[in-house]
Amino acid sequence: MKKVLIILAMLFILPAFADVMPYYTNAIPNNAIGFYQTGENLVIYSKPDTNSKIIKEFDFSYNPETMPDGVFGVLLNERKLGLIYVTDIGDDNWVEIVYNKVTGAKGWVQTEDRFQFLPWLSFYNMYGRKYGLRLFKDAPDEVRILHSKSEDESQNVGKLNYVKHIKLTAVRGNWALVSVLDMDKTLKTGYLKWRGIDGKIFAFPNIK
Numbered sequence: 012m013k014k015v016l017i018i019l020a021m022l023f024i025l026p027a028f029a030d031v032m033p034y035y036t037n038a039i040p041n042n043a044i045g046f047y048q049t050g051e052n053l054v055i056y057s058k059p060d061t062n063s064k065i066i067k068e069f070d071f072s073y074n075p076e077t078m079p080d081g082v083f084g085v086l087l088n089e090r091k092l093g094l095i096y097v098t099d100i101g102d103d104n105w106v107e108i109v110y111n112k113v114t115g116a117k118g119w120v121q122t123e124d125r126f127q128f129l130p131w132l133s134f135y136n137m138y139g140r141k142y143g144l145r146l147f148k149d150a151p152d153e154v155r156i157l158h159s160k161s162e163d164e165s166q167n168v169g170k171l172n173y174v175k176h177i178k179l180t181a182v183r184g185n186w187a188l189v190s191v192l193d194m195d196k197t198l199k200t201g202y203l204k205w206r207g208i209d210g211k212i213f214a215f216p217n218i219k
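Below is the structure:
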């Protein structure tokens with residue numbers, strides 16, 4: 012009984028780390044084209060125009076206890092890194108974002124610099140090459156097959172079994188050139204299908 016009380020006390024004392032990371036294929040909208048990196052404030056407009064109606068405003072503290080739910084595709088509070096899905100781009104550095112993942116509600120924000128909007132290629136080159144990739148938990152079995160070329164019909168050169176780290180070398184369309192050290196300690200290199208033709212993503216940067 013005393014041990015149970017100690018565990019319960021620790022649960023209440025320890026801070027909550029409400030970070031967000033996608034682990035399943037349905038976590039990312041198929042029509043997403045990349046990420047918008049937030050700052051401390053976010054003003055969302057109904058149209059790509061500052062004279063249009065403001066439909067939502069956020070002030071981000073990056074305190075896990077006060078950060079809103081359902082907004083971020085990736086959120087690391089300690090690093091103050093917040094990424095929101097982008098589904099469209101407009102003129103003059105405007106991007107359309109999904110600010111409510113539950114309802115699918117969208118709006119427009121204007122980027123302040125060229126690094127605030129990261130299309131998938133830039134995102135994978137920035138974070139995937141640094142941290143490597145990980146397969147989503149429900150990725151289909153065929154995604155675990157490495158190919159000799161970035162084509163479905165190309166030769167199979169290996170299969171991923173129990174892999175902890177997937178090193179990303181390059182992204183070519185829906186394919187990623189990777190190297191892995193599998194459980195048999197054999198180095199395997201080939202092309203991995205990180206995204207399907209319908210936009211569904213199977214492998215994601217293992218951001219830490």
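Our numbering applies: residue 12 is where the sequence shown begins, and numbers increase by one.
Think of the CB as a built atom: it goes at the ideal place given N, C-alpha and C, for glycine as much as any other residue.
Apart from sequence neighbours up to five positions away, the residues of its chain that approach residue 212 with a beta-carbon distance below 7 Å are 36, 39, 205 and 206, ordered along the chain. Here residue 84 carries a coil assignment [DSSP, helix/strand/coil]. C-alpha of residue 107 to C-alpha of residue 133: approximately 17 Å in a straight line. Counted as a single uninterrupted DSSP element, the stretch harbouring residue 205 is not any beta strand (DSSP E), since DSSP gives it neither H nor E. Excluding sequence positions up to five before and after residue 140, its CB lies within less than 8 Å of the CB of 179 and 180, all in the same chain and listed in chain order. The shortest C-alpha to C-alpha distance from residue 97 to any of 121, 47, 52 and 127 is the one to 47. Beyond the five residues adjoining it in sequence on each side, residue 160 comes within less than 7 Å, by CB distance, of 202 in the same chain, given in chain order. Here residue 111 has 81 and 82 as same chain residues with Cβ atoms under 8 Å from its own Cβ, once five neighbours each way along the sequence are excluded. Cβ atoms of residue 118 and residue 196 stay farther apart than 8 Å, at about 49 Å. In this chain, residue 213 is not harboured by any alpha helix (DSSP H), its DSSP state being neither H nor E. Closest option to residue 72, judged by alpha-carbon separation, among 53, 57 and 143: 53.
If you draw a 10 Å sphere on the C-beta of residue 88, you find 16 or more other C-beta atoms in it, and that means buried. In the three-state reduction of the DSSP assignment, residue 141 falls in the helix class.
Listed as beta-bridge partners of residue 131 by DSSP are no residues whatsoever. Residue pairing by DSSP places residue 38 in no beta bridge whatsoever. Assignment of beta-bridge partners to residue 45 by DSSP yields 97 and 130.
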